[in-house]
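Novice: If you're matching positions, the sequence shown starts at -5 in my numbering and goes up one per residue.
A virtual CB, placed ideally from N, CA and C, is assigned to each residue, including glycine.
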Amino acid sequence: MSDAYDLVVIGTGPGGYVCAIKASQLGLKTAVVEKLPNHGGTCVNVGCIPSKALLHATEMFAEAGSSFADLGIEVGTPKVDLKKMLAHKTKTVEQNVKGLDFLFKKNKIDVFRGIGRLAGAGKVIVTADDGKEQTVAAKNVVIATGSDIAGIPGVEVAFDEKVIVSSTGALDLEKVPERLVVVGGGVIGLELGSVWSRLGAKVTVVEYLDSILGGMDGEISKQFQRLLARQGFEFKLGARVTNVAKTKKGAAVTFEPAKGGDAETIEADVVLVATGRKPYTEGLGLEEAGVELDDRGRIKTDGHLRTNVEGVYAIGDVIAGPMLAHKAEDEGVAVAEIIAGQAGHVNYDVIPSVVYTSPEVASVGKTEEELKKAGVEYRVGKFPFSANGRARSMLQTDGLVKILADKTTDRVLGVHIHGFGAGEMIHEAAVLMEFGGSAEDLARTCHAHPTMSEAVKEAALAAFFKPIHS
Ligand code: FAD
Ligand code: NAD
């Protein structure tokens, strides 16, 4: 058995690798355990990074085929070289993986390859691919094993990653399907649906709820759905999928109205099932170690990311909270600080979320529906990009900024942006909210002209008094 590490992190997704780097920076002797050949977890290998590479490439393709001509650029009809586009995605992933190998070396973090399992106080057993076991001694263990596709509860789905695919298969289709049916109108369905829609697939989204992106501000969600419909998406809302089956020609998806009624079946060349993800705890030996799970299979943690077992912590998708890479990263930093004796902390009220469609949807803080439910009195300030000069100059006038501020104190409680570059603009709202700022604070902050961000300032002006430009 090795000399005891101060910290062993199981899993090197964004939660685990960030935690290990931070711990090493704080002087802790640190090792990681990863079962896959590549570090980076879901996010780097089959999630955030490859999906954004394809979203960017296909957005450029769509632009070249539509708005270029309006800008006076003649390029003829753009053609897709799908192999090359997928190669761009693969190369982007490889660059990120290499970057992580470099960061582990730079920070003197030891890497153990294999499946990590808790084996009593202060011990992790690592089982390599060839079955050989190694025991690693650890004063502290952080579990960062992430999540896996959830499938459809109560429905057997035979994923072959060619015709019936999860998000992983949808990142690698060999040809553009004529008809793509997406089960689940959440983030994955709409992002990867956009990728293939832009390349020519007829996309139909079948969603259980009455709206897409459940949990998103209702007004933004409706507007977003209208824009996606304009891009060619078809929506079957309030529809529960009860069967996904392969056929001779492709696949068939059967759904029934969520509130009762006759079932309907639609044909597809490819079906993407994107109905959420579940925590991944397989092979960790949690039961033997006595680590408690909640009713949804997530590892239970307290406000300091501690499990019920002394010296064992958990972060990221495997615990409660939004399944987002930056949430996992922030927890990774916080838990490293806590183990090093510092005051690590994550502010769960200010975690931005971005949907990388065209245009993007970004939000931070409360939705209008949440404020109403909590009985909070609020004021709303809105500003459409159609009234923003920079947006007009870029032909990016779709969407709006919506700011929700406390009626009495003017403190900003939620910001929702639907528009080009929303995923970058949202961060000024996040910083403001982190410091407890008001709509007036935001409105009185000088914003460079002409920028899309001026729409954020105008929405803030609208929330506390009146906008200038609308
Ligand atoms: P993971 O990234 O899942 O990493 C867990 C790691 O643990 C893996 O490497 C796994 O191999 C390893 N592991 C598991 N068990 C063991 C074991 N017993 N021993 C050793 N190793 C083990 N989030 C965003 O914020 N932005 C996005 O744009 C975004 N896009 C996404 C797109 C897709 C298609 C998907 C599927 C997800 C996306 N996400 C996005 C979500 C994001 O990927 C996750 O929230 C994030 O990866 C969670 O990080 P994690 O470190 O908790 O776990
Ligand atoms: P999701 O929870 O966002 O959406 C799943 C959708 O499937 C829900 O709207 C749900 O109502 C619907 N659904 C479930 N069962 C159904 C059924 N039988 N019939 C019809 N609809 C059904 O999950 P996802 O899109 O799979 O994404 C998983 C996770 O990955 C999310 O938590 C998300 O945070 C993360 N992610 C984030 C990003 C990003 O930040 N840009 C991108 C991709 C994924």
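1. In chain order, what residues of the same chain lie with their CB nearer than 8 Å to the CB of G359, ignoring the 5 residues before and after it?
2. Is any heavy atom in ligand 2 found nearer than 6 Å to the beta carbon of L22?
3. Output the boundary residues of the alpha helix (DSSP H) element that contains L266.
4. Have a look at L394 and V199 and give me their C-alpha separation to the nearest angstrom.
5. Is the closest heavy atom of ligand 2 to the C-beta of E155 under 6 Å?
6. Checking 7 Å against the spacing of the C-beta atoms, do V265 and I158 come in under that value?
7. Quick one: what's got a C-beta closer than 6 Å to L48's C-beta in the same chain, skipping five residues either side?
8. Pair every Cβ in the segment 17 to 28 with every Cβ in the segment 104 to 113, then say whether three or more of these pairs are closer than 8 Å.
9. Find the nearest neighbour of F229 within the set G183, N237 and R192, judged by alpha-carbon distance.
10. Give me, in chain order, the residues of the same chain whose beta-carbon lies closer than 8 Å to that of E286; leave out the 5 immediate sequence neighbours on both sides.
11. Give the secondary structure of E276 by DSSP, where H, G and I count as helix, E and B as strand, and everything else as coil.
12. Determine, using beta-carbon pairs with one atom in the segment 348 to 356 and one in the segment 430 to 437, whether at least three such pairs fall under 8 Å.
13. Mind checking whether the beta-carbon of S60 lies closer than 6 Å to any heavy atom of ligand 1?
14. Let me know the beta strand (DSSP E) ranges lying completely inside the segment 306 to 379, each 3 residues or longer, listed in chain order.
15. Give me the DSSP bridge partner(s) of V251.
16. Can you tell me whether R220 sits near ligand 2, meaning its C-beta is under 6 Å from at least one heavy atom of the ligand?
17. By DSSP, does G7 sit in helix, in strand, or in coil?
18. Could you check if P8 belongs to the surroundings of ligand 1, using beta carbon to heavy atom distance under 6 Å?
19. Between which residues of its own chain and F458 is the CB-CB distance below 8 Å, once the five residues before and five after are set aside?
20. Tell me the start and end of each unbroken beta strand (DSSP E) in the segment 56 to 136 that is at least 3 residues and wholly inside, in chain order.
21. What does the alpha-carbon distance come out to for the pair N341 and S347?
22. R465 and M317: beta carbons closer than 7 Å?
23. When DSSP labels each residue in this structure, what does D(-3) get in the three-state scheme?
24. Per the contact definition of three or more C-beta pairs closer than 8 Å, is the segment 218 to 228 in contact with the segment 113 to 130?
25. In chain order, what residues of the same chain have a beta carbon less than 8 Å from the beta carbon of H421, not counting five sequence neighbours either side?
26. Taking 6 Å as the cut-off, is the CB of Y202 close to at least one heavy atom of ligand 2?
27. If you drop the 5 nearest sequence neighbours on each side, which residues of the same chain put their C-beta closer than 7 Å to that of G315?
28. Given 8 Å as the limit, is there contact between the segment 328 to 336 and the segment 167 to 187, that is, 3 or more CB pairs closer than that?
29. How many angstroms separate the CA atom of V69 from the CA atom of K196?
30. When we look at the beta-carbon of G277 and count the other beta-carbons within 10 Å, is it buried (16 or more) or exposed?
31. If you draw a straight line from the C-alpha of G140 to the C-alpha of A328, how long is it?
32. For E304, which option in R111, L22, K126 and V136 has the closest C-alpha, if you only look at C-alpha atoms?
33. Just to confirm, does M317 get its C-beta within under 6 Å of one of the non-hydrogen atoms of ligand 2?
34. Below 7 Å CB to CB, which residues in the same chain sit around P461 once its five sequence neighbours on both sides are set aside?
35. Beta carbon of H320: closer than 6 Å to some heavy atom of ligand 1?
36. Which ranges would you report for the beta strand (DSSP E) in the segment 139 to 197 if only whole runs of at least 3 residues count?
Specialist: Straight from the coordinates:
1. Translated into positions along the sequence shown, residue 359 becomes position 365. Excluding sequence neighbours, G359 sits near D343, V344, L398, V406, L407, G408, V409, A423 and M427.
2. Translated into the one-based positions of the sequence shown, residue 22 becomes position 28. False, no ligand heavy atom lies under 6 Å from that Cβ.
3. Taking the first residue of the sequence shown as position 1, residue 266 is located at position 272. No alpha helix (DSSP H) contains L266, which is instead part of the beta strand (DSSP E) from V264 to V267.
4. Position 400 of the sequence shown holds residue 394. Position 205 of the sequence shown holds residue 199. Cα to Cα, the separation comes out at about 24 Å.
5. Numbered from its first residue, the sequence shown carries residue 155 at position 161. Checking every heavy atom of ligand 2 against the Cβ of E155, none is found closer than 6 Å.
6. By 1-based counting over the sequence shown, the position of residue 265 is 271. By 1-based counting over the sequence shown, the position of residue 158 is 164. Going by C-beta atoms, V265 is nearer than 7 Å to I158.
7. Taking the sequence shown and counting its residues from 1, the one referred to as residue 48 is at position 54. Cβ neighbours of L48 beyond the five flanking positions: K83 and V189.
8. yes
9. If you number the sequence shown from 1, residue 229 lands on position 235. Selected option, being the one with the closest Cα: G183.
10. Sequence index remark: in the sequence shown, residue 286 carries index 292 (1-based). Once the five neighbours on either side are set aside, the close Cβ partners of E286 are I293, K294, T301 and N302.
11. Taking the sequence shown and counting its residues from 1, one reaches residue 276 at position 282. Coil at E276, not helix or strand.
12. no
13. Looking up residue 60 in the sequence shown gives position 66. Not so, every heavy atom of ligand 1 lies at least 6 Å from the Cβ.
14. 306 to 308, 347 to 349, 354 to 359 and 372 to 378
15. Locating residue 251 in the sequence shown gives position 257, counting from the first residue. According to the sequence as given, residue 251 is Pro; it is not Val. A233, per the DSSP bridge assignment.
16. Mapped onto the sequence shown, residue 220 falls at position 226. Because no heavy atom of ligand 2 lies under 6 Å away, the Cβ of R220 does not count as near it: no.
17. Indexing the sequence shown from 1 puts residue 7 at position 13. In the structure shown, G7 sits in coil (DSSP, three-state: anything other than H, G, I, E or B).
18. Residue mapping note: residue 8 aligns to position 14 of the sequence shown, counting from 1. Because some heavy atom of ligand 1 lies under 6 Å away, the Cβ of P8 counts as near it: yes.
19. Start at 1 with the first residue of the sequence shown, and residue 458 comes out as number 464. Taken in chain order, the residues that qualify are R373, G375, A399, D404, S432, A433, E434 and A437.
20. 104 to 107, 109 to 112 and 117 to 121
21. What you label residue 341 is simply residue 347 of the sequence shown in a count that begins at 1. What you label residue 347 is simply residue 353 of the sequence shown in a count that begins at 1. Cα to Cα, N341 sits roughly 14 Å from S347.
22. Since the displayed the chain opens at -5 and closes at 464, residue 465 lies outside it and no answer follows.
23. For the purposes of this step, residue -3 is taken as residue 3 along the sequence shown, with counting starting at 1. If DSSP states are grouped into helix, strand and coil, D(-3) belongs with coil.
24. no
25. Translated into positions along the sequence shown, residue 421 becomes position 427. Excluding residues within five positions, the ones whose Cβ falls inside 8 Å are P346.
26. Mapped onto the sequence shown, residue 202 falls at position 208. Yes - ligand 2 has a heavy atom lying nearer than 6 Å to the Cβ of Y202.
27. For the purposes of this step, residue 315 is identified with residue 321 of the sequence shown, where counting begins at 1. Hits under 7 Å: K321 and Y342.
28. no
29. Stepping through the sequence shown from its first residue, residue 69 is reached at position 75. Stepping through the sequence shown from its first residue, residue 196 is reached at position 202. Cα to Cα, V69 sits roughly 24 Å from K196.
30. Translated into positions along the sequence shown, residue 277 becomes position 283. Counting Cβ neighbours within 10 Å, G277 comes out exposed, since fewer than 16 surround it.
31. As a position in the sequence shown, residue 140 is number 146, starting the count at 1. As a position in the sequence shown, residue 328 is number 334, starting the count at 1. Rounded to whole angstroms, G140 to A328 spans 17 Å at the Cα level.
32. Your numbering for residue 304 matches position 310 in the sequence shown. Among R111, L22, K126 and V136, the Cα nearest to that of E304 belongs to V136.
33. As a working mapping, residue 317 is identified with position 323 in the sequence shown. It does: the Cβ of M317 is within 6 Å (strictly closer) of some heavy atom of ligand 2.
34. The residue labelled residue 461 in the question sits at position 467 within the sequence shown. So the list reads F377, E452 and L455, once near-sequence residues are dropped.
35. Your numbering for residue 320 matches position 326 in the sequence shown. Yes.
36. 141 to 143 and 173 to 177
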